[in-house]
Each structure stands twice: as structure tokens, then as C-alpha cells.
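Quick note: the sequence shown, position 590, residue 590 per UniProt numbering, numbers continuous. All residues carry an ideal CB built from backbone N, CA and C; glycine is no exception. Quick notes on the structure that follows.
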Amino acid sequence: MQSQKCVVVGHGMVGHRFVEALRARDTDGRWTLTVLGEETDAAYDRVGLTAYTEHWERGRLALPGNDYRGVDRIDVRLGGRVVEINPTAKFVKTADGTRVDYDALVLATGSYAFVPPVPGRDLPSCHVYRTLDDLDAIRAAAMRALGAGGAPVGVVIGGGLLGLEAANALRGFGLAAHVVERSSRLMSQQVDEAGGALLGAMITELGITVHTGVGTETIRPAQRNRPVRRSADTDALRVTLSDGTFIDTGVVIFAAGVRPRDELAREAGLRIAERGGVLTDLSCVTSDPSIYAIGEVAAIEGRCYGLVAPGYTSAEVVADRLVGGAAEFPGADLSTKLKLLGVDVASFGDAMGATPGCLEVVVNDPVKQTYAKLVLSDDAGTLLGGVLVGDASAYGVLRPMVGSQLPGDPLSLIAPVDSGSGAAALGIGALPDDAQVCSCNNVTKCDLTNAIAGGCADVPALKACTGAGTSCGSCVPLLKQLLEAEGVEQSKALCEHFPQSRAELFEIITATGTRTFSALIARFGSGAGCDICKPVVASILASTSSDHILDGEQAALQDSNDHFLANIQRNGSYSVVPRVPGGDITADQLILIGQIAKDFGLYTKITGGQRIDLFGARVEQLPQIWQRLVDGGMESGQAYGKSLRTVKSCVGSDWCRYGQQDSVQLAIDLELRYRGLRAPHKIKMGVSGCARECAEARGKDVGVIATESGWNLYVGGNGGATPKHAQLLAADLDTETLIRYVDRFLMFYIRTADRLQRTAPWVEGLEGGLDHLREVVCQDSLGLAAEFEEAMARHVTGYSCEWKGVLEDPDKLTRFVSFVNAPEKEDPTVQFTERSGRKVPIGMPVFVPERSTDERA
């Protein structure tokens with residue numbers, strides 16, 4: 001079969017989905033694809049665009065497999081704008097004059113940010129919120145505004161989803177954010193008047209100034225009553241509103257909606273819909289039978305859809321058509337569930353009650369700040385749609401029920417759960433088999449139950465088998481509910497020797513006072529234990545007392561790193577990592593570390609945690625090295641332990657001209673307070689002295705960022721294979737309150753997390769998520785705050801350096817020999833070779849530990 005050429009113009013989320021869909025269907029290799037992307041970045045998650053403002057790493061947003069490296073018959077060309085389509089000769093031309101022929105052309109050009117015709121919209125400090133490059137420009141403008149002094153302000157024109165995300169980004173930069181919305185309410189396309197009123201009040205409480213019912217008249221350079229002192233002042237603007245008020249600002253962001261990028265199609269003579277967009281039929285074919293349109297640029301039977309799920313559906317339709325199928329666009333679910341600045345918002349079905357004769361059932365609780373509305377048929381028997389603000393936990397069950405008969409009293413579906421009814425109690429069992437549980441990937445309840453019957457026994461297996469939960473993720477809680485409803489028991493057993501979970505074992509050890517593994521397994525478990533339960537119990541015992549981890553029976557429980565209080569390296573040698581609280585180190589300590597490295601021939605490395613690692617030490621050298629470090633006033637940095645590692649800090653107000661608080665001292669205080677604290681997994685912290693975030697605090701398990709009024713506390717950030725950004729737990733805290741909240745957070749985590757569970761998945765797995773965590777930590781909803789704080793106080797009082805404890809105990813020192821039968825015999829000396837100008841070790845055998853465990857260091 002002769003190969004045919006398909007050209008895809010646009011490499012966004014929908015364009016990428018089309019390529020993946022065609023690859024899966026084109027089993028005969030009929031099509032070769034050329035993908036032409038205008039941006040220099042390959043397809044990335046534009047839905048999660050705001051996350052880029054938290055980590056500034058483009059790669060984190062990249063869609064899996066977006067470069068098609070090593071894939072035959074796919075050619076991706078980025079950074080080249082298509083400027084011409086020639087339907088007659090069937091080719092496209094890029095800005096550099098390159099001609100690309102096609103047999104089928106797929107337009108996936110998406111949309112562009114609409115900028116209303118406001119005088120001054122072209123000034124340098126005006127931006128749109130659409131691409132990664134846009135966000136880089138906004139960040140630079142925000143930094144200039146901060147550098148200008150005074151009270152930096154940012155203005156967002158548009159109060160929809162993107163507008164509120166942009167406002168959140170400005171707030172994260174440290175600017176006072178204003179949102180200007182011409183409509184009478186925020187998110188007017190998703191929520192009604194009452195829901196919008198509550199949303200506006202909640203957003204205002206978060207420190208964002210909301211202007212509704214007003215337009216933007218002009219944007220002009222700001223008037224100044226003082227001499228210009230910095231070049232950043234020249235970017236200052238004055239935004240005048242239609243009610244006569246004005247806002248002086250350093251950054252203006254337009255987030256007033258989008259328009260389909262149909263200019264190529266217009267110039268090529270393709271039919272355009274009345275309101276814009278390339279007109280297609282239900283097969284997504286345009287007025288030219290060789291040209292298709294998908295995603296936001298497609299006006300399917302005259303209507304453009306601005307959500308990713310309909311875009312994915314259109315991509316699947318065209319992929320099916322190109323391999324001879326007859327798929328048609330089935331319509332679109334325009335439901336949305338969002339969390340904006342920590343506020344839940346959801347709408348589904350006929351949210352605005354446009355159906356003639358429809359009824360509305362509303363529960364509006366301004367005290368608890370929740371609003372829920374259901375739109376029903378005229379006989380109150382069928383659910384047509386709804387709006388949820390403040391608490392969207394019922395969304396997962398309610399959205400798939402749209403168009404179905406209600407299982408009971410409508411009020412019971414949205415009444416508060418603590419009243420004895422509520423949708424949460426209704427559960428997924430009430431959904432019909434054809435209910436669409438995952439709208440992004442068109443997965444029904446029946447699809448999921450069939451997958452469970454076929455052997456899928458957990459959420460990851462369901463996601464892999466059906467695709468449900470792999471896009472926006474809002475349906476993931478329902479997958480777990482469905483597994484439980486189908487009788488698939490989710491075991492919480494730690495291992496074959498303990499039927500209890502780690503959290504349950506923690507409670508047992510605390511309640512019974514059990515202090516040895518043998519006593520615990522004899523009473524509450526079975527067998528002799530294994531490589532899973534022994535280190536877990538060792539960690540719990542360490543978390544609940546100040547006993548040395550190498551005392552008595554507990555020494556035999558430790559994994560290979562804790563066994564020698566050092567990280568084993570790939571060549572069998574060990575690392576030595578002294579603690580450097582907050583990165584604050586004296587000249588004498590630097591000299592001492594350098595001299596030890598020279599004397600023992602060790603490789604030195606400054607880490608991302610502001611410490612100095614020494615690599616290449618042999619087992620019997622560890623006590624000698626640590627004796628010198630301890631004598632020099634240094635202590636174990638516990639790089640080997642599932643415990644606090646470091647508290648990273650910028651230079652703060654001591655040295656930085658932008659520093660708002662003393663981040664160095666707080667970092668030192670935190671590290672000295674929590675050093676040695678054993679946990680289910682390692683813990684990292686960071687303290688930044690201002691919103692510039694030089695300590696990268698929001699990538700840590702506990703992150704603290706200075707504000708003019710105090711400290712913002714972020715929790716649940718992790719690096720590693722699945723990076724997660726920390727979320728704001730509380731804002732503008734004084735130092736005493738901050739430390740109390742961190743105490744409670746850490747102790748709650750240590751008590752309830754699973755084995756080897758980092759704080760990010762732990763927070764995600766909590767029933768109620770961050771909101772529940774905030775209630776526990778800040779509002780003491782469980783009544784455990786005093787207990788948490790007392791436990792932390794005991795830890796602080798009982799702390800001692802583990803290596804100092806070894807050096808003072810001859811029995812513990814006996815384990816640090818290379819050969820038990822020949823303690824004086826030395827291991828082969830670690831040797832180094834040069835690689836790209838760096839020293840790397842050679843000549844050492846790989847050490848195989850007595851017990852292989854999941855280190856996950």
C-alpha cells in the first residue's frame with residue numbers, strides 16, 4: 001500500500017492527541033505525518049499552564065512522547081509558522097519558504113487571546129496569558145514592578161477562569177492583584193449570579209481586589225509626582241475604568257477570552273462559521289474534503305468548543321476517518337470542575353437553567369461559604385445541570401447523572417453531608433451503566449466495571465486499561481469508589497506479617513508503649529518479619545522516642561543506609577554529609593571539611609540543599625571522619641535517613657535588597673528544631689525571603705515564603721519522578737504561629753502516612769485533601785493540635801546527634817569494620833579518574849547489602 005501524507009498544523013494538546021490516535025489506528029502504516037508547530041516547545045499541558053509559574057521548568061508540562069523521538073513516519077518541526085495553505089495544489093508553506101505537500105491536512109491551530117480595543121493595549125507592560133513565552137514575559141514584567149519599589153500592583157482584565165489563574169500568578173509573584181470583569185460576576189460562563197457573588201466574596205477574602213460590572217476605558221503611562229529613579233518606573237501604567245476609578249500598576253494581563261485562529265483557513269477560501277472558526281460537519285471535515293479541523297479552531301456545525309475534552313473527541317473522529325472509519329462528533333460535555341486559588345467551582349449540564357419550564361433547587365450557606373444549585377426538569381424527575389461553589393465534592397456523582405432520572409429527593413443530593421443525607425453518601429452506585437464517568441476520554445461506568453471484571457484491581461490498573469483519569473484527573477476519586485462498590489477490597493496491610501497499615505501500627509505502638517519489633521510482631525503480627533515491615537517499625541519506634549536507632553534489637557531492623565549511618569554509593573563506598581543549617585557555615589567549618597576531603601581522598605560536591613557531601617569513604621573510615629567533624633562542632637546531616645534532610649534558604653533580608661524577612665535565621669531555626677525527626681519518607685524544606693523564591697520553597701515538603709506581613713506556609717511539594725508543587729496552607733503568619741502549624745503538619749503526616757509515602761501523595765490521598773488538612777492544622781478540627789505539639793516538643797528536647805552517639809559507644813563502633821575477621825585489613829583504596837574535567841570513582845567493587853530495601857533516596 002502506498003504511503004499517504006498527512007500534515008498537522010499546530011502541535012498543542014489536541015494536535016498531539018490526533019497524532020497519538022492516528023498512530024494507534026493506522027496499523028497498516030498507511031500514513032506518514034508531518035507536524036508543524038509555531039511555538040518552539042513541543043506539545044505541553046496548556047490546561048495546567050499556571051503551574052509553570054510555580055516551578056518555571058517547561059519540561060514538567062510536556063505531554064508524554066511529544067517529540068516522537070525514534071518513531072517512524074512522524075516528523076515534528078517546531079518554531080515555524082505556516083503562512084499559506086494551497087488547497088488546489090495541496091501544500092502548505094511555512095514562514096521560511098518551506099513547502100510541505102499533503103494528501104490530508106488537519107488544522108489544529110487552536111485559538112488566540114482576545115485583546116479588547118482598549119487605548120494603550122499595545123504598551124510594553126501589557127500582556128496576554130496564553131503560552132509559556134507569555135508567562136515568561138509576565139514574570140519579567142512582574143520582577144520589574146517589584147524592583148520599582150512601593151506597593152507593586154498587577155491588573156487582570158477578564159474575570160473568567162484564565163483571569164483568575166492570572167491573578168493567582170501575580171499574587172504568587174508578590175504583586176497586589178486586581179481583577180476587572182465587565183460582567184456582574186466572576187466566571188459568568190460557568191456560574192450563576194448567586195454562585196458568582198459567593199465566588200467573588202471568597203476571592204476577595206484571599207486578598208485579590210475584584211471589580212465587576214465595569215469595563216476598561218484606557219491604559220496610559222502612569223503619572224508621577226516624583227523623579228524617575230529606576231528604569232522599571234518607565235513601565236508603570238494607569239488603568240482607568242468605566243466608573244471613573246483608576247489603578248496604577250506595573251503589569252496588565254488581558255484574559256478576556258479567546259478567538260479561533262482561523263486566518264489561514266480564511267485566506268485559503270475555506271468556509272468560516274458566523275462567529276468564527278473553520279466550519280465543519282460532524283466528521284470534522286471542512287468545505288474542502290481533504291482538509292479537517294479539530295480542537296478550538298473547529299466550528300463543528302457552526303459551534304466552537306473551548307474545552308480540551310471536545311477537542312480530544314474531534315481528534316479521535318478525524319483519526320478514525322483517515323483509516324476508513326465513519327466516526328462522527330457526538331456532541332460535547334461542557335462540564336467543568338476547577339480549584340481556583342483554593343476555591344472549588346464546578347458547573348455541569350444546563351447550569352444556567354435555560355431549559356423552558358425547568359426548576360431550580362438551591363442550597364446557599366454563606367456561613368460555610370458553599371453554594372449548590374440543581375437544575376431539574378419541570379416534573380423534578382430528571383437532572384439537567386447544576387452549579388457548585390465552595391464545595392464541589394458532589395460533582396463526580398452529579399455530572400454523570402445529567403439527563404437521568406434522580407434516585408431520590410433532589411435536595412438530598414446537595415444538602416450538607418453532616419445532615420445525614422448528601423451526594424457523598426449517594427455514591428457511584430447510583431449511576432447508570434452508560435453514565436460517562438470520564439468525560440475527557442469518554443469512559444463510561446460500564447467500561448470501568450468491565451475492566452474490573454477483567455482483573456483491574458486498583459486505580460492505576462483502571463487508568464492504564466481504560467484511560468479514565470489520565471487527563472484532568474477529576475474522576476479519579478470515583479474510580480476508587482467504583483472498585484469498592486464492585487467488591488474489590490483495597491488492602492491496607494503493611495505486608496504479609498502485619499494486617500495493619502503503617503498508620504494503624506503507629507497508633508498501636510503509641511497506645512501500648514511497645515518498644516521492640518519482636519514484642520510487636522508477637523502480639524499483633526505473625527512470622528519473623530521482612531524487609532518491608534522491619535524498617536517501617538524501626539522508623540515508627542524512632543519517631544516515638546529519642547532512643548538511638550542502633551541501640552539493642554532496633555539496630556538489626558535498619559535498612560542498609562541507616563545500618564551504617566551513611567548513604568551507600570554505587571561503587572560500595574559511602575558518603576559523609578554534615579549538617580549545615582540553612583546553608584549557614586563558618587570559614588573554620590569549610591576549612592575542616594576541605595582538610596578531611598584531602599586527608600581521606602574524598603570527592604566533594606555542593607548539593608542543591610546547601611550542604612557539602614563527601615564521597616568515597618570506606619566503612620572503617622566513617623568513625624574517623626565523623627570524630628573530626630564532631631570535634632569541629634558539626635553533626636550528622638542525616639542524608640541517609642527517612643527524616644528531615646535540609647532547610648534551604650536564600651540570603652533574605654540580611655543581604656538581599658528585596659528580602660522582606662530574615663529567611664536565613666528562620667531556616668536555621670527550623671532545621672535545628674526538626675533535625676533527626678524520623679518520618680515515613682525524607683522531608684525537605686525551604687525558606688524564601690520574598691516572592692522571588694530563590695530558595696525554591698514551593699518545591700519542598702514544607703515551604704515558607706516571606707511577605708510584608710509575615711510568612712506564607714506551603715506544604716506537600718516533592719521532587720523526584722513525579723514532581724508536585726507545594727500548596728498554600730496558610731498566609732501572613734507570624735513566626736510563632738508558623739512553627740506551631742509546621743509542628744502539627746509534620747506530626748499528622750508522621751502519624752497517618754503510608755510506608756515510603758512522600759507528603760505530596762499523602763496530601764492528595766487525604767479525604768478532603770488540602771481543605772481537610774487546613775482544618776486539622778489551622779483549625780484543630782480533630783482536637784489533636786496539643787498532642788501534636790507536645791510530641792514535637794519531646795522530639796526537640798530528646799534530640800542528639802546519631803553519629804556522636806556512635807562515637808561515644810564502643811559497642812556501636814564495632815559494626816564499622818570492612819571485614820569482621822580482619823578488622824585491621826583495609827579495603828582497596830578508592831581511586832578516581834577524570835571525566836569531562838570531573839573526578840569519578842573507579843576500582844571499587846559494588847557492595848551488596850545484607851538486606852535489599854527500597855531506598856528511594
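- In the three-state scheme derived from DSSP, where H, G and I count as helix and E and B as strand, D531 is classed as coil.
- Per DSSP, reduced to three states, the secondary structure at W803 is helical.
- Between the C-alpha atoms of I300 and A222 there is a straight-line separation of about 45 angstroms.
- Taking the Cβ atoms as the reference, C801 lies roughly 5 angstroms from S636, within the contact range of under 8 angstroms.
- For V118, the three-state secondary structure derived from DSSP is coil.
- Under the DSSP assignment, F246 falls in the beta strand (DSSP E) whose first and last residues are F246 to T249.
- F114 sits exposed, since fewer than 16 C-beta atoms from the chains shown fall within 10 Å of its C-beta.
- When rounded, the separation of the alpha-carbon atoms in T50 and V343 is 15 angstroms.
- Assignment of P87 by DSSP, reduced to helix, strand and coil, places it in the coil class.
- For H548, the three-state secondary structure derived from DSSP is coil.
- In this structure Y129 is in contact with L162, their Cβ atoms being roughly 5 angstroms apart against a cut-off of 8 angstroms.
- Exclusion of the five residues before and after R678 leaves S539, A542, S543 and S643 as the residues of its chain whose Cβ lies within less than 6 angstroms of its Cβ.
- For secondary structure counted as the beta strand (DSSP E) over 3 or more consecutive residues, the UniProt domain "Nitrite/sulphite reductase 4Fe-4S" (641-779) holds these complete runs in sequence order: 644-649, 683-688, 702-706, 711-715 and 727-733.
- Under DSSP, K5 takes part in a beta bridge, and its partners are T32.
- In this structure, the beta-carbon distance from A167 to P152 does not fall below 9 angstroms.
- Nearest Cα to E205 within the set A697, S393 and A731: A731.
- Per DSSP, V153 is one residue of the beta strand (DSSP E) stretching across V153 to I157.
- Here T313 carries a helix assignment [DSSP, helix/strand/coil].
- Between the region 638-658 and the region 673-693 there are three or more inter-stretch CB-CB distances shorter than 8 angstroms, so the stretches are counted as touching.
- Only residues of its own chain outside the window of five on either side were considered, and among them L241, S242 and D243 have a CB closer than 6 angstroms to the CB of V214, listed in chain order.
- Between L746 and V702, the C-beta gap is smaller than 9 angstroms, which places the two residues in contact.
- For G349, the enclosing beta strand (DSSP E) stretches over residues V343 to G349.
- Residue pairing for L614: DSSP places it in a beta bridge opposite V576 and T604.
- The region 361-374 and the region 443-460 do not touch, with fewer than three beta-carbon pairs separated by less than 8 angstroms.
- DSSP places F329 outside both helix and strand once states are collapsed to three, so it counts as coil.
- With contact defined as three or more Cβ pairs closer than 8 angstroms, the region 311-331 and the region 20-30 are in contact.
- I253 is bridged by DSSP to H127 and V156.
- Under the three-pair Cβ rule at 8 angstroms, the region 83-99 counts as touching the region 252-272.
- Looking at the backbone, the Cα of Y714 and that of A617 are separated by about 37 angstroms.
- Around G302, the same chain offers A273, E274 and L279 as residues with beta carbons nearer than 7 angstroms, after the five sequence neighbours per side are excluded.
- For the set A667, K682, P680 and L614, the Cα lying nearest the Cα of E696 is the one of A667.
- Between the beta-carbon of T32 and that of S3 there is about 5 angstroms, and that keeps the pair under the 8 angstroms contact cut.
- About 7 angstroms separates the beta carbon of G160 from that of A255, a gap short enough to meet the 8 angstroms contact definition.
- DSSP places G147 inside the alpha helix (DSSP H), whose first and last residues are L132 to G147.
- Looking at the DSSP output, L629 sits in no beta bridge, so it has no partner there.
- Under the three-state reduction of DSSP output, L63 falls in the coil class, being neither helix nor strand.
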